[in-house]
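Colleague: Protein chains in written order, with the working numbering: chain Y, 359 to 734; chain X, 359 to 734; chain R, 303 to 629; chain L, 303 to 629. Heads up, the beta-carbon is just placed ideally off N, CA and C, and yes, glycines get one too.
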Amino acid sequence: MAMAHTAGADRPGGLDEPDFVQLLSPEGERLHHPDYDVDFSDEQLRQMYRDVTAVRRLDTEASALQRQGELAIWASLLGQEAAQVGAGHALRPRDMVFPTYREHAVLYCRGIDPIKPLSLFRGADQGGWDPDEHRFNMYTIVIGAQTLHATGYAMGIAKDGKVGNGDGEAVLAFFGDGASSQGDVNEAFVWASVFHAPIVFFCQNNQYAISAPIERQTRVPLYRRSAGFGFPGVRVDGNDVLASYAVTKTALDQARLGQGPTLIEAYTYRMGAHTSSDDPTRYRIASEVESWQAKDPILRLRRYLTAEGIGDDAFFAEVEAQATREAMQLRERVLAMPDPEPLSIFDHVYPDGSPLVDAERDQYARYLAGFAEEVA
Amino acid sequence: MAMAHTAGADRPGGLDEPDFVQLLSPEGERLHHPDYDVDFSDEQLRQMYRDVTAVRRLDTEASALQRQGELAIWASLLGQEAAQVGAGHALRPRDMVFPTYREHAVLYCRGIDPIKPLSLFRGADQGGWDPDEHRFNMYTIVIGAQTLHATGYAMGIAKDGKVGNGDGEAVLAFFGDGASSQGDVNEAFVWASVFHAPIVFFCQNNQYAISAPIERQTRVPLYRRSAGFGFPGVRVDGNDVLASYAVTKTALDQARLGQGPTLIEAYTYRMGAHTSSDDPTRYRIASEVESWQAKDPILRLRRYLTAEGIGDDAFFAEVEAQATREAMQLRERVLAMPDPEPLSIFDHVYPDGSPLVDAERDQYARYLAGFAEEVA
Amino acid sequence: MTMAETLTIGRALNAGLRRALEDDAKVLIMGEDIGRLGGVFRITDGLQKDFGEDRVFDTPLAESGIVGTAIGLALRGYRPVCEIQFDGFVFPAYDQIVSQVAKYCFRSRGNVRLPIVIRIPFGGGIGAVEHHSESPEAYFAHTAGLKVVSCATPEDAYWMIQQSIASDDPIIFFEPKRRYWEKGPVELAAPQLPLHASRVVRAGSHATLVAYGPMVRAALDAAQAAVEDGQDLEVIDLRSLSPLDMDPVYESVRRTGHLVVVHEAPSNVGLGAEIAARVTEECFYSLEAPVLRVTGPNVPYPAARLEETYLPDLDRILDGVQRSLAW
Amino acid sequence: MTMAETLTIGRALNAGLRRALEDDAKVLIMGEDIGRLGGVFRITDGLQKDFGEDRVFDTPLAESGIVGTAIGLALRGYRPVCEIQFDGFVFPAYDQIVSQVAKYCFRSRGNVRLPIVIRIPFGGGIGAVEHHSESPEAYFAHTAGLKVVSCATPEDAYWMIQQSIASDDPIIFFEPKRRYWEKGPVELAAPQLPLHASRVVRAGSHATLVAYGPMVRAALDAAQAAVEDGQDLEVIDLRSLSPLDMDPVYESVRRTGHLVVVHEAPSNVGLGAEIAARVTEECFYSLEAPVLRVTGPNVPYPAARLEETYLPDLDRILDGVQRSLAW
Ligand SMILES: Cc1ncc(C[n+]2csc(CCOP(=O)(O)OP(=O)(O)O)c2C)c(N)n1
Ligand SMILES: Cc1ncc(C[n+]2csc(CCOP(=O)(O)OP(=O)(O)O)c2C)c(N)n1
Ligand SMILES: [Mg+2]
Ligand SMILES: [Mg+2]
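In structure tokens, the structure reads:
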């Protein structure tokens with residue numbers, strides 16, 4: 359065991375940051391950090407391994423489904439499994455999550471049926487799960503918008519008195535490195551700080567906003583952004599599930615206890631394309647991607663589990679098999695997914711309904727019926 | 359002479375900040391600062407005194423005109439004369455200024471006819487001076503919007519190659535403490551940093567955004583905001599015209615030399631109402647205002663000039679008389695200001711014109727002519 | 303039993319907000335300067351004092367933040383009422399309103415309701431500087447998923463704000479700022495109309511005037527003046543700008559054959575166009591003239607000393623009526 | 303001498319941008335992912351490589367920042383062309399567009415011109431997720447001080463983008479994203495029409511169809527299909543959405559007596575309403591039926607597998623024509 363500290367280039371994406379927290383080296387070596395020392399049970403570690411493996415497998419399946427035309431588009435999380443599973447495990451049941459469009463692993467850890475994001479990316483719906491049920495908000499595609507929703511929600515937690523006591527609740531808000539440039543995200547920082555809201559901002563710095571490298575958004579590491587808004591920031595190795603867990607848990611605990619917001623920058627890498635529509639060869643070189651393969655988040659956990667005897671080949675094989683079964687089931691369910699009813703476009707426009715929409719629904723129904731008649 | 363450092367409460371509006379730059383104490387004592395030591399010539403000091411006195415007098419006249427119904431509204435700069443005149447003197451002719459709606463003193467230092475803002479607040483026009491002529495943009499009322507314009511302009515300076523060399527140019531962008539919460543201002547910080555633009559952000563923290571005290575915008579001093587965006591911030595005593603000059607000049611020089619942006623927080627106080635429509639007694643106590651009277655920016659300069667023998671009673675009396683003359687002339691010109699022509703509302707909607715607007719102008723002219731006929 | 307009181311529109315809004323705060327502990331009021339100051343128009347005067355800073359609170363100065371955090375508060379079960387200080391300052395929040403507030407219910411297939419009210423003092427006529435006199439209602443009425451209303455009388459102010467807060471729909475609530483000081487009777491016992499109903503406020507037979515918000519008074523004044531010329535104008539206050547309650551308009555136009563729509567916003571792709579299109583479709587054979595529009599011209603809102611030129615007034619409305627009758 | 307080439311709309315835009323960059327050193331192209339990637343639709347493909355990062359550059363990810371800094375660049379004498387990645391992402395920039403870009407010339411009494419072009423790929427039909435298929439043109443057309451155009455053919459794409467960049471007016475340039483891959487001839491020598499002119503793209507005598515952007519093709523297809531039913535439809539491509547060039551429309555309607563307006567955006571307070579209102583006013587005695595609108599319904603844009611229900615298509619357009627003819 360050694361003390362944490364990884365060297366890197368001197369750029370906003372660089373690793374030579376004093377606050378970079380790492381508990382598991384790429385080689386699977388367990389490191390310790392003065393502020394973030396957590397003891398993990400073997401079962402916890404195995405569950406994390408199961409989850410990172412499952413979400414990668416599901417992601418692979420989704421990518422395949424997209425290529426086969428079953429999904430319109432897919433936003434892969436490849437490479438970001440550790441950041442997300444670590445954060446997902448740190449959540450308590452009453453905590454509330456505000457994702458972007460890429461947090462499939464957090465969604466999975468929340469216990470939401472993974473078919474949900476697939477129906478969204480298939481174009482069958484717009485992700486209509488009930489945010490309250492699993493305390494996981496709908497995906498948000500407009501970059502940064504959800505950080506304000508998250509902050510307002512956290513203000514509501516405080517108004518409800520659910521902070522600073524035994525049944526404290528907190529909010530975990532995700533956003534990307536690109537999103538850090540949006541006014542909304544910075545306004546969310548203002549609000550969270552001024553209202554001392556129980557919120558943790560979790561920025562997955564995967565180094566790209568589509569084709570724009572992190573240098574296009576900032577000259578200094580993103581975790582430093584929050585200090586000027588009055589709350590702490592910390593950079594964590596986003597490919598280290600243990601560190602992601604430890605840092606997120608600490609920050610959520612502080613939020614629940616009434617100590618206000620934290621910004622976490624999970625330093626990671628988008629291994630795949632931005633989405634299935636993207637062609638990353640246009641803007642980055644293969645060697646860069648390869649260099650990150652060595653930092654694979656699953657590999658290092660497996661190495662660690664192996665070295666410690668927490669997981670053996672049988673365990674890994676079983677996890678793999680289970681992940682494949684899940685993926686196959688998911689595939690079948692996607693293929694069997696019915697298309698939505700045409701007239702459903704008129705539903706739920708307004709909670710209280712609208713005569714304009716009602717009239718249009720009726721007119722459209724008559725129009726469709728006209729075709730049916732013609733055909734008959 | 360003593361080293362700069364003024365104590366204050368431990369609040370975002372507090373004064374006990376290591377970077378607080380002061381060169382002239384409220385008592386008129388000349389202080390020195392390791393980073394901002396400037397030698398002022400006597401004539402420079404006298405000119406600054408003339409300017410702070412003139413703008414205060416003009417401001418008083420404008421307030422009076424408003425009360426007499428000659429202006430629709432007035433946004434007084436009372437208390438902020440030093441911050442603005444210091445900044446105004448630090449500008450070079452080719453530098454470009456982006457004001458809010460309160461920078462009457464900067465406008466004055468730029469050599470713009472002070473009737474201009476009065477015609478705006480009278481409602482006779484919307485401040486239509488030519489930004490290029492005096493390199494002073496139009497007033498901007500939408501909070502924060504101008505910081506992006508300023509940043510874009512600064513990017514243009516860089517594109518023109520007017521940076522890092524002898525004829526370097528820079529931009530000075532004003533905004534308020536309240537504006538710091540707007541997304542636009544934070545986006546301007548992102549852009550300025552990423553494009554290394556020759557711009558100085560000058561935040562007049564007058565402690566209030568209408569009724570909202572600075573605590574409603576931030577938990578930490580505003581000058582610290584910029585570090586997380588990758589450029590330096592400095593807090594200056596905004597009631598100290600020498601410090602304001604020194605800090606602004608240094609920052610503008612750095613910008614011109616290609617060293618990128620700086621954020622200046624001029625710590626000052628809005629002595630009057632937000633505008634003539636406002637009633638500050640609803641949200642702040644008299645003793646607070648009184649405590650700032652002791653820090654009056656003009657008083658301390660006068661004390662210093664007196665102590666140093668740079669200005670004597672004759673000088674002060676002459677300056678006062680001159681300011682009064684200017685104010686009286688201004689008053690007369692406001693009273694004589696003609697109302698705009700009704701049909702001018704159809705002018706300058708588009709540089710290239712529009713058939714829709716032309717048709718409406720014609721129709722309106724006919725409509726007005728109809729009245730004339732009726733009367734005749 | 304009636305419990306009528308005479309109030310200004312401003313005081314009626316204040317009373318309505320107060321009652322909403324009393325009736326439902328989940329109601330929150332938030333915005334710039336709405337606490338101690340009571341808002342720049344004093345519409346929230348005294349509410350923070352009486353209901354506390356937890357329920358009535360000043361926000362930082364950023365409109366996207368106001369609406370964006372209101373969404374989060376609504377997701378948490380609150381019913382936020384946001385004040386936008388002036389019409390021209392709603393645009394920084396436009397993304398949150400159009401892409402988030404308007405769509406949440408639909409995209410969640412009804413799982414999420416956002417009972418948010420966004421209050422906007424709108425329109426000109428108060429001698430203000432730029433961005434303080436805009437009429438941006440068309441931008442919201444064109445947006446599916448939003449409802450848009452505007453009150454024109456103290457009684458409507460009092461009830462419509464309460465009905466808006468009680469509604470689960472997101473509502474853009476336009477307040478006729480130049481009429482804040484106009485007085486009228488307010489029946490406190492119960493509302494006379496549902497929120498989304500238009501109303502004939504003056505019966506007439508020669509031509510129909512349709513208006514809303516600040517222009518209702520202008521239309522009534524025009525109708526009054528027209529009496530001298532022997533013309534009997536019907537005036538309809540739309541009250542709801544989206545959805546529109548058109549039946550009273552159709553009914554009226556079928557009788558009068560003439561319709562003039564009045565609003566301050568520029569005509570181009572404005573509410574008047576929609577009303578003209580629908581009325582023409584529904585009353586094609588009743589119309590004796592095309593629907594005419596008397597609106598602000600298609601130019602940016604001008605400096606205050608030109609606003610009388612810009613704003614529709616009694617003369618311009620009557621000119622519109624004459625043109626319609628002479629068609 | 304003609305120099306015609308066959309290009310897709312996407313390539314024609316690219317060629318037009320290239321030529322604008324060549325013609326005027328002050329032209330800049332800026333936006334998200336428009337550099338090395340060439341834009342998500344490759345409209346700016348190769349331009350950074352050929353004109354350098356100073357003139358064609360990626361911005362940070364924030365639309366208000368894009369438009370706001372473009373204003374500053376324009377004040378400095380540049381002619382920025384901003385790409386908004388998708389229609390649904392223009393709203394964070396709405397304040398800068400509506401309150402700043404649109405008003406600068408007017409409020410400066412002509413001292414300031416902002417020759418900014420804001421390119422927006424718009425409309426549905428590409429199977430995208432939410433916020434990628436919006437038709438927000440009415441929000442801009444209602445705004446005095448902006449001009450709004452949309453191209454429907456490769457030739458117009460090539461010339462209208464150049465004309466827009468050359469114009470001193472701020473222009474919102476809507477690109478029919480689902481038609482980016484459609485091919486057509488492009489005359490490279492000189493444009494046939496000024497920027498703000500509408501055009502009869504198919505002559506006909508029984509009824510008039512008005513469309514713009516992606517719906518021009520749909521209208522032409524409908525007219526083609528109508529031939530089988532013995533109907534001869536005239537199709538007009540508006541091209542300019544603000545100002546509207548209505549004379550060809552009036553002229554057509556005076557001949558046909560029937561008008562159907564087609565757009566993807568919801569009908570309520572949309573472009574179709576404006577056209578209906580104006581045509582009714584100008585052609586009151588020629589119309590044999592009210593102007594009908596075939597548009598997207600007044601609901602948020604739905605999930606991709608419902609967009610065929612949402613979008614006007616050949617059948618719905620013909621249904622509109624039948625209803626008009628049967629009035
Ligand atoms: C307001 C807005 N602008 C543009 C887009 C288009 N867009 C989708 S994802 C993306 C990049 C996001 O980058 P980042 O925040 O780093 O998240 P990541 O995709 O890397 O997870 C962009 C520009 C959008 N969705 N919303
Ligand atoms: C976008 C926007 N929202 C609200 C307003 C209304 N308003 C005008 S000044 C002001 C306070 C500004 O405070 P600050 O930035 O501190 O500047 P100061 O007036 O103190 O100089 C507000 C809220 C506005 N002009 N623009
Ligand atoms: Mg990213
Ligand atoms: Mg202030």
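P698(X): buried (16+ other C-beta within 10 angstroms of its C-beta) or exposed?
Modeller: Position 340 of the second sequence, counted from the start, is the residue given in the question as residue 698(X). Under this definition P698(X) is a buried residue.
Colleague: Mind checking whether S434(Y) and G618(Y) have CB atoms under 8 Å apart?
Modeller: Locating residue 434(Y) in the first sequence gives position 76, counting from the first residue. Locating residue 618(Y) in the first sequence gives position 260, counting from the first residue. No, these two residues do not count as a Cβ contact at 8 Å.
Colleague: Take G588(Y) as the anchor and find which of R593(X), G588(X), T606(X), P579(X) has the nearest alpha-carbon.
Modeller: As a working note, residue 588(Y) is residue 230 in the first sequence. Selected option, being the one with the closest Cα: P579(X).
Colleague: Please list the segments of the alpha helix (DSSP H) lying wholly inside the segment 562-595 of chain Y, counting only runs of 4 or more residues, in order along the chain.
Modeller: You should have found no qualifying run.
Colleague: From G371(Y) to R574(Y), what distance separates their C-alpha atoms?
Modeller: Within the first sequence, the letter at position 13 stands for residue 371(Y). Within the first sequence, the letter at position 216 stands for residue 574(Y). One C-alpha to the other measures close to 11 Å.
Colleague: Determine the closest residue to I619(R) out of D654(X), N495(X), Y725(X), with distance taken between C-alpha atoms.
Modeller: The residue given as residue 619(R) occupies position 317 in the third sequence. The residue with the shortest Cα to Cα distance from I619(R) is Y725(X).
Colleague: Less than 8 Å between the beta carbons of I373(R) and Q398(R), yes or no?
Modeller: Here residue 373(R) refers to the residue found at position 71 of the third sequence. Here residue 398(R) refers to the residue found at position 96 of the third sequence. Contact: yes.
Colleague: Check P423(R) in the structure and name its three-state DSSP category.
Modeller: Counting from one through the third sequence, the residue named residue 423(R) turns up at place 121. Reduced to three states, the DSSP call for P423(R) is strand.
Colleague: Are the C-beta of R409(R) and some C-beta of chain B separated by less than 8 Å?
Modeller: Protein chains in the displayed structure are Y, X, R and L, and chain B is not among them.
Colleague: Can you round the beta-carbon distance between Q402(R) and A503(Y) to whole angstroms, since I take them to be within the 8 Å contact cut?
Modeller: As a first step, residue 402(R) must be located in the third sequence, where it is residue number 100. As a first step, residue 503(Y) must be located in the first sequence, where it is residue number 145. Yes, Q402(R) and A503(Y) are in contact; Cβ-Cβ is about 6 Å, under 8 Å.
Colleague: Based on the DSSP secondary-structure assignment, which residues constitute the bridge partners of P417(R)?
Modeller: Locating residue 417(R) in the third sequence gives position 115, counting from the first residue. According to DSSP, which records beta bridges pairwise, P417(R) is partnered with nothing at all.
Colleague: Verify the CB distance criterion: does I418(L) have a CB-CB separation below 8 Å to chain X?
Modeller: Indexing the fourth sequence from 1 puts residue 418(L) at position 116. I418(L) does not count as touching chain X.
Colleague: Do W483(R) and G340(R) have their C-beta atoms closer together than 8 Å?
Modeller: Locating residue 483(R) in the third sequence gives position 181, counting from the first residue. Locating residue 340(R) in the third sequence gives position 38, counting from the first residue. No; because the gap between Cβ atoms is not below 8 Å, this pair is not in contact.
Colleague: From this set, G526(Y), R415(Y), L688(Y), which residue's C-alpha is nearest D611(Y)'s C-alpha?
Modeller: By 1-based counting over the first sequence, the position of residue 611(Y) is 253. Nearest C-alpha to D611(Y): G526(Y).
Colleague: Closer than 7 Å: is that where the CB of D535(Y) sits relative to any heavy atom of ligand 3?
Modeller: Position 177 of the first sequence holds residue 535(Y). Yes, the beta carbon of D535(Y) sits closer than 7 Å to at least one heavy atom of ligand 3.
Colleague: Use the C-beta contact count for S366(L): other C-beta atoms within 10 angstroms, 16 or more gives buried, fewer gives exposed.
Modeller: As a first step, residue 366(L) is located in the fourth sequence; it is residue number 64 there, counting from the start. With 16 or more other Cβ atoms within 10 Å, it is buried.
Colleague: Find the nearest neighbour of T445(L) within the set T611(L), E307(L), L573(L), E590(L), judged by alpha-carbon distance.
Modeller: Taking the fourth sequence and counting its residues from 1, the one referred to as residue 445(L) is at position 143. Out of T611(L), E307(L), L573(L), E590(L), L573(L) has the C-alpha closest to the C-alpha of T445(L).
Colleague: Beta carbon of Y459(X): closer than 7 Å to some heavy atom of ligand 4?
Modeller: Looking up residue 459(X) in the second sequence gives position 101. No, the Cβ of Y459(X) stays beyond 7 Å of every heavy atom of ligand 4.
Colleague: Show which residues of chain Y have a CB atom less than 9 Å away from the CB atom of N570(L).
Modeller: In the fourth sequence, residue 570(L) corresponds to position 268, counting from 1. The answer, in chain order, is L714.
Colleague: From P478(R) to T558(R), what distance separates their C-alpha atoms?
Modeller: Stepping through the third sequence from its first residue, residue 478(R) is reached at position 176. Stepping through the third sequence from its first residue, residue 558(R) is reached at position 256. Using only the alpha carbons, I get a separation of about 28 Å.
Colleague: What do you reckon, is the C-beta of V715(X) under 7 Å from a heavy atom of ligand 1?
Modeller: Sequence index remark: in the second sequence, residue 715(X) carries index 357 (1-based). No, Cβ of V715(X) sits at least 7 Å from all heavy atoms of ligand 1.
Colleague: Can you give me the Cβ contacts of F294(L) inside the same chain, cut-off strictly under 6 Å, excluding the 5 residues immediately before and after it?
Modeller: Residue 294(L) falls outside the range modelled here, since chain L spans only 303 to 629, and no answer is possible.
Colleague: Please list the segments of the alpha helix (DSSP H) lying wholly inside the segment 454-512 of chain Y, counting only runs of 4 or more residues, in order along the chain.
Modeller: Within the segment 454-512 of chain Y, the complete alpha helix (DSSP H) runs of at least 4 residues are 462-467, 473-480, 489-492.
Colleague: Can you tell me whether V601(R) sits near ligand 1, meaning its C-beta is under 7 Å from at least one heavy atom of the ligand?
Modeller: The residue given as residue 601(R) occupies position 299 in the third sequence. Not under cutoff, so the answer is no.
Colleague: Taking the DSSP output, what are the residues bridged to V529(L)?
Modeller: Counted from its first residue, the fourth sequence places residue 529(L) at position 227. V529(L) pairs with nothing; no bridge assigned.
Colleague: At a threshold of 7 Å, does N597(X) count as lining ligand 4 (C-beta to nearest heavy atom)?
Modeller: Translated into positions along the second sequence, residue 597(X) becomes position 239. Checking the Cβ of N597(X) against ligand 4 gives no.
Colleague: Answer yes or no: do A694(X) and A606(R) have a C-beta to C-beta separation smaller than 8 Å?
Modeller: Position 336 of the second sequence holds residue 694(X). Position 304 of the third sequence holds residue 606(R). Going by C-beta atoms, A694(X) is not nearer than 8 Å to A606(R).
Colleague: Please name the residue, chosen from V358(R), A454(R), P568(R), that lies closest to V488(R) on a Cα-to-Cα basis.
Modeller: Residue 488(R) sits at position 186 when you count from the first residue of the third sequence. The candidate whose alpha carbon is nearest that of V488(R) is A454(R).
Colleague: As a quick exercise: from M332(L), L315(L), F353(L), R556(L), pick the residue whose alpha carbon is nearest that of F476(L).
Modeller: Taking the first residue of the fourth sequence as position 1, residue 476(L) is located at position 174. The shortest Cα separation from F476(L) among M332(L), L315(L), F353(L), R556(L) belongs to L315(L).
Colleague: If you count every other CB in all the chains shown that lies within 10 Å of the CB of H507(X), and 16 or more means buried, which is it?
Modeller: Counting from 1 along the second sequence, the entry for residue 507(X) is found at position 149. So H507(X) counts as buried.
Colleague: Apart from the five residues on each side of it in sequence, which residues of its chain come closer than 6 Å, Cβ to Cβ, to Y406(L)?
Modeller: Here residue 406(L) is taken as the residue at index 104 of the fourth sequence, counted from 1. V414, L416.
Colleague: For ligand 1, I want to know if H632(Y) counts as a neighbour, meaning its beta carbon is within less than 7 Å of at least one of the ligand's heavy atoms.
Modeller: One-based indexing of the first sequence puts residue 632(Y) at position 274. Because some heavy atom of ligand 1 lies under 7 Å away, the Cβ of H632(Y) counts as near it: yes.
Colleague: How about V599(X) and P556(X): do their beta carbons lie closer than 8 Å?
Modeller: Numbered from its first residue, the second sequence carries residue 599(X) at position 241. Numbered from its first residue, the second sequence carries residue 556(X) at position 198. The answer is no: Cβ separation not under 8 Å.
Colleague: For G379(L), name the three-state secondary structure that DSSP assigns.
Modeller: Here residue 379(L) is taken as the residue at index 77 of the fourth sequence, counted from 1. Three-state result, G379(L): coil.
Colleague: Please give the ranges of any alpha helix (DSSP H) in the segment 376-442 of chain Y, keeping only runs that are unbroken, at least 4 residues long and fully inside the region.
Modeller: Here the runs fully enclosed are 400-425.
Colleague: Could you tell me whether any non-hydrogen atom of ligand 4 is closer than 7 Å to the CB of R593(X)?
Modeller: As a working mapping, residue 593(X) is identified with position 235 in the second sequence. Outside the cutoff, so no.
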